[in-house]
Amino acid sequence: MMGGMKNAEIAEIFEEIADMLEFLGDNPFRIRAYRNAARALFDLEDPVEEVAKGGAEALEEIPGIGHDLALKILEYLETGKIRKHEELKAKVPRGVLEVMRVPGVGPKTAKLLYEKLGVDSLEAFRKALESGEVLKLPGFGERKRERLLKNLDLVEAASKRWPLGAVLYEARELLRLLKELPEVENAEIAGSARRYKETVGDLDFLAATREGAKVAEAFTKLAPVKAVYALGPGKATVYISPGIQVDLKIVPPESWGAGLQYFTGSKAHDIHLRRIAQQMGLKLNEYGVWRGEERIAGATEEEVYAALGMDWIPPPMREDLGEIELAQKHALPRLVTLEEIRGDLQVHSKWSDGKHTLEELARFAAEMGYEYLAVTDHSPAVRVAGGVPPEKMKERIAEIQRVNEKTGGKPYLIAGAEVDILPDGSLDYPDEVLAELELVLVSIHSRFSMDEETMTKRILRAIENPYVHVLAHPTARLIGKRAPVKADWEKIFARMKELGKAVEIDGYYDRMDLPDVLARRAREYGLMFTLSTDAHQKDHLRFMELAVGNAQRAWLGSEQVLNTRPLKALLDWAREVRKG
DNA sequence: GCCGTTTTCGGCCCGACTGTTTTCAGTCG
Numbered sequence: 001m002m003g004g005m006k007n008a009e010i011a012e013i014f015e016e017i018a019d020m021l022e023f024l025g026d027n028p029f030r031i032r033a034y035r036n037a038a039r040a041l042f043d044l045e046d047p048v049e050e051v052a053k054g055g056a057e058a059l060e061e062i063p064g065i066g067h068d069l070a071l072k073i074l075e076y077l078e079t080g081k082i083r084k085h086e087e088l089k090a091k092v093p094r095g096v097l098e099v100m101r102v103p104g105v106g107p108k109t110a111k112l113l114y115e116k117l118g119v120d121s122l123e124a125f126r127k128a129l130e131s132g133e134v135l136k137l138p139g140f141g142e143r144k145r146e147r148l149l150k151n152l153d154l155v156e157a158a159s160k161r162w163p164l165g166a167v168l169y170e171a172r173e174l175l176r177l178l179k180e181l182p183e184v185e186n187a188e189i190a191g192s193a194r195r196y197k198e199t200v201g202d203l204d205f206l207a208a209t210r211e212g213a214k215v216a217e218a219f220t221k222l223a224p225v226k227a228v229y230a231l232g233p234g235k236a237t238v239y240i241s242p243g244i245q246v247d248l249k250i251v252p253p254e255s256w257g258a259g260l261q262y263f264t265g266s267k268a269h270d271i272h273l274r275r276i277a278q279q280m281g282l283k284l285n286e287y288g289v290w291r292g293e294e295r296i297a298g299a300t301e302e303e304v305y306a307a308l309g310m311d312w313i314p315p316p317m318r319e320d321l322g323e324i325e326l327a328q329k330h331a332l333p334r335l336v337t338l339e340e341i342r343g344d345l346q347v348h349s350k351w352s353d354g355k356h357t358l359e360e361l362a363r364f365a366a367e368m369g370y371e372y373l374a375v376t377d378h379s380p381a382v383r384v385a386g387g388v389p390p391e392k393m394k395e396r397i398a399e400i401q402r403v404n405e406k407t408g409g410k411p412y413l414i415a416g417a418e419v420d421i422l423p424d425g426s427l428d429y430p431d432e433v434l435a436e437l438e439l440v441l442v443s444i445h446s447r448f449s450m451d452e453e454t455m456t457k458r459i460l461r462a463i464e465n466p467y468v469h470v471l472a473h474p475t476a477r478l479i480g481k482r483a484p485v486k487a488d489w490e491k492i493f494a495r496m497k498e499l500g501k502a503v504e505i506d507g508y509y510d511r512m513d514l515p516d517v518l519a520r521r522a523r524e525y526g527l528m529f530t531l532s533t534d535a536h537q538k539d540h541l542r543f544m545e546l547a548v549g550n551a552q553r554a555w556l557g558s559e560q561v562l563n564t565r566p567l568k569a570l571l572d573w574a575r576e577v578r579k580g
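Following our numbering, the numbering of the first sequence begins with 1 at its first residue and continues without gaps.
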């Protein structure tokens with residue numbers, strides 16, 4: 001079991017403690033310590049209960065966890081509760097924390113609302129705003145009332161985070177319009193989108209210009225902008241449909257690199273860098289690296305990192321998970337790039353639930369500049385997908401061969417299938433059918449909520465089949481819709497390594513499976529990967545970019561990605577796997 | 001509450017915008 005439930009559970013409790021301490025006006029540095037610890041646990045690759053076997057001392061090895069919090073973690077693992085958390089819950093009404101999540105409401109305002117007006121829920125907050133009661137409070141005017149009412153609507157309407165692929169292309173369109181403004185010298189999408197995080201809470205844009213006020217104002221008037229939240233000479237916050245927040249930050253051109261570095265984050269990465277700057281007697285902010293009053297770097301990101309004594313770090317790695325130390329030692333791995341990808345290894349055709357014929361797919365692959373493309377239609381168990389019955393497989397393979405003859409194999413269609421892993425771990429095609437296929441993916445499409453032990457056995461049995469090459473979208477999760485299946489990934493990855501089989505990073509935007517944390521773990525086991533889009537229609541092929549982004553977040557190089565290999569080498573690998 | 005080639009005590013990342021304040025607090029990223 002990986003990363004795991006307990007890590008997330010305890011992280012959430014620490015976050016809640018931080019929120020409640022903030023409401024109570026506690027020491028801000030203690031609050032930050034709880035938040036740092038929550039993040040550390042959330043990012044921790046090992047299950048915290050494993051670490052805890054080494055006692056409090058082992059837990060204290062985790063950066064951000066000291067003696068006190070180590071004891072609280074042990075307390076939770078033993079009793080399922082943390083006393084401090086329970087005590088705080090008695091003092092802070094649950095609804096107050098929800099009120100604090102409305103933009104513009106922090107701990108001070110929440111406290112005022114609670115103490116003077118008894119606001120202890122979103123409903124009570126709405127009433128106090130609509131009735132005008134809030135105007136009695138110090139620091140409240142009509143403009144603030146309207147603003148908060150609008151933000152309350154947003155909170156109640158908006159789902160908290162969006163899968164990156166659901167907003168990225170809209171963001172790129174907005175970026176194009178921003179770049180067309182005559183005063184803009186440079187502009188880029190920054191933030192978690194630039195780091196290819198699987199979901200984004202908002203979008204961060206950076207622009208370099210000498211005319212900040214002009215650009216900020218023009219930005220708020222671009223076509224996709226539906227509402228303006230804030231507008232100043234250095235910053236604007238707007239909403240684009242539907243309910244997606246976009247922040248624009250503005251810096252002068254000589255600060256472009258420092259601004260891009262700063263607003264790309266992650267927050268943990270930035271704070272670590274600023275601490276290093278401080279230790280070197282320098283200061284790092286969004287305008288540059290400073291020695292006293294003198295700016296010694298800032299025009300490019302490379303320059304900023306160099307001034308801090310390290311190599312430029314690719315954005316997907318910027319999570320403060322050890323990349324800064326590697327950059328200081330000039331030992332960063334070389335990450336796989338989109339240009340190195342020679343073909344897509346999971347695509348569906350009209351033979352199952354895809355929209356296009358084999359011939360059309362070959363044409364699209366050529367347009368993408370691909371050398372090959374694996375056609376991996378479903379097996380029949382996935383009823384809604386109209387899977388290919390076994391008796392039709394010969395006919396299907398013959399058609400694939402016909403298309404290849406017609407195109408001269410440029411690009412080459414690989415005869416594959418995405419074969420369903422049945423509940424008992426057996427496969428949805430007999431071995432004779434699997435043997436005819438050049439590439440066999442296996443994956444789960446039913447009975448997602450088995451217990452961990454049964455699910456682990458199910459997956460192990462499937463990958464043991466000698467004809468199988470790839471475990472596709474291994475966790476079967478759908479972002480925001482379906483939880484990942486529970487399985488002992490440590491055991492599964494270890495066995496896959498022995499068998500020489502590969503795991504997939506499915507870049508389809510609401511799958512993104514393996515997720516980054518598990519992909520990192522699989523890399524540590526030395527597994528090979530395939531990157532794919534799971535495309536069912538032409539415009540899904542663009543999700544390869546997301547798969548590559550996630551691979552970069554897992555620090556993968558091209559040597560670990562099978563579809564960077566030329567066709568012959570890929571097919572050789574597939575044959576080798578079957579020899580065992 | 002964490003942490004240590006300035007420190008086991010005394011620090012803890014840094015700046016912008018809003019709305020109300022008439023010099024700044026609160027909030028956010």
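Even for Gly, the Cβ is constructed at its ideal location relative to N, Cα and C.
Open item on the list: Within 8 Å, do at least three Cβ pairs link the segment 256-271 to the segment 295-314?
Closed with: Contact between the segment 295-314 and the segment 256-271 is present: three or more C-beta pairs spanning the two stretches fall below 8 Å.
Task: Spatial distance of Ala67 from Val215 (CA atoms) - done: Counting from 1 along the first sequence, the entry for residue 67 is found at position 67. Counting from 1 along the first sequence, the entry for residue 215 is found at position 215. Reading off the sequence shown, one finds His at residue 67, where the question assumed Ala. Rounded to the nearest angstrom, the two C-alpha atoms are 50 Å apart.
Open item on the list: Which same chain residues end up closer than 8 Å to Ala277 when comparing Cβ atoms and leaving out the 5 residues on each side of it in sequence?
Closed with: Here the question's residue 277 lines up with position 277 in the first sequence. Result list for Ala277: Lys283, Leu284, Val289 and Leu308, in chain order.
Task: Supposed close pair Lys235, Leu248 - CB separation, criterion 8 Å - done: By 1-based counting over the first sequence, the position of residue 235 is 235. By 1-based counting over the first sequence, the position of residue 248 is 248. 7 Å between Cβ atoms; contact.
Open item on the list: For the pair the segment 401-408 and the segment 423-436, tell me if three or more CB-CB distances fall below 8 Å.
Closed with: Flag = no, the segment 401-408 and the segment 423-436 do not touch.
Task: Sequence-distant residues of its chain with Cβ nearer than 7 Å to Glu452 (five each side left out) - done: Position 452 of the first sequence, counting from 1, holds the residue named residue 452. Closer than 7 Å at Cβ, skipping near neighbours: Met1, Lys486, Ala487 and Asp488.
Open item on the list: Under 8 Å: do the segment 118-135 and the segment 96-103 share three or more Cβ pairs, one atom per stretch?
Closed with: The segment 118-135 and the segment 96-103 touch, with no fewer than 3 CB-CB distances between them shorter than 8 Å.
TODO: Let me know the beta strand (DSSP E) ranges lying completely inside the segment 479-507, each 3 residues or longer, listed in chain order.
DONE: Complete beta strand (DSSP E) runs here, min 3: 502-506.
Open item on the list: Please report the straight-line C-alpha distance between Gln537 and Glu75, rounded to a whole angstrom.
Closed with: Here the question's residue 537 lines up with position 537 in the first sequence. Here the question's residue 75 lines up with position 75 in the first sequence. If you take the alpha carbons of Gln537 and Glu75, they lie about 51 Å apart.
- [ ] Determine contact between the segment 407-414 and the segment 461-473, defined as no fewer than three beta-carbon pairs at a distance below 8 Å.
- [x] Not touching, per the Cβ criterion.
TODO: For Gly55, name the three-state secondary structure that DSSP assigns.
DONE: Counting from one through the first sequence, the residue named residue 55 turns up at place 55. Helix.
- [ ] Determine contact between the segment 75-92 and the segment 15-24, defined as no fewer than three beta-carbon pairs at a distance below 8 Å.
- [x] Counting C-beta pairs closer than 8 Å gives three or more between the segment 75-92 and the segment 15-24, which meets the contact rule.
Open item on the list: Give me the DSSP bridge partner(s) of Tyr169.
Closed with: By one-based count along the first sequence, residue 169 stands at place 169. In the DSSP output, where bridge partners are listed per residue, Tyr169 has none listed.
Task: Glu418 - partner residues in DSSP beta bridges - done: Position 418 of the first sequence, counted from the start, is the residue given in the question as residue 418. The partner list for Glu418 (beta bridge, DSSP) reads His378 and Leu441.
Task: Asp451, DSSP secondary structure in three states - done: Position 451 of the first sequence holds residue 451. Asp451 sits in coil when the DSSP states are folded into three classes, being neither helix nor strand.
Open item on the list: With three or more C-beta pairs closer than 8 Å as the rule, is the segment 323-331 touching the segment 517-531?
Closed with: Touching, no.
Task: Integer Cβ distance of Asp534 from Asp506, believed to fall under 8 Å - done: Here residue 534 refers to the residue found at position 534 of the first sequence. Here residue 506 refers to the residue found at position 506 of the first sequence. Contact between Asp534 and Asp506 holds: their C-beta atoms lie close to 5 Å from each other, under 8 Å.
Task: Selected residue, minimal CA-CA separation from Ala415, among Asp431, Pro423 and Val440 - done: Mapped onto the first sequence, residue 415 falls at position 415. Selected option, being the one with the closest Cα: Val440.
TODO: State the DSSP-derived secondary structure class of Gln279, mapped to helix, strand or coil.
DONE: Stepping through the first sequence from its first residue, residue 279 is reached at position 279. The three-state secondary structure of Gln279, taken from DSSP, is helix.
- [ ] Under 6 Å Cβ to Cβ from Val238, same chain only, skipping five residues before and after it: list those, please.
- [x] For the purposes of this step, residue 238 is taken as residue 238 along the first sequence, with counting starting at 1. Contacts found: Thr220, Val225, Val228 and Val246.
Open item on the list: Is the separation between the beta-carbon of Glu340 and that of Ser532 shorter than 8 Å?
Closed with: Position 340 of the first sequence, counted from the start, is the residue given in the question as residue 340. Position 532 of the first sequence, counted from the start, is the residue given in the question as residue 532. Ser532 sits away from Glu340, with the two beta carbons spaced by 8 Å or more.
TODO: Could you pull out every unbroken beta strand (DSSP E) segment of at least 3 residues lying fully inside the segment 278-364, listed in chain order?
DONE: Counting only runs that start and end inside the segment 278-364, the beta strand (DSSP E) elements of at least 3 residues fall at 283-285, 288-291, 294-297 and 343-347.
Task: Inter-stretch contact at 8 Å, needing at least 3 Cβ pairs: the segment 310-317 / the segment 545-554 - done: Yes, they touch.
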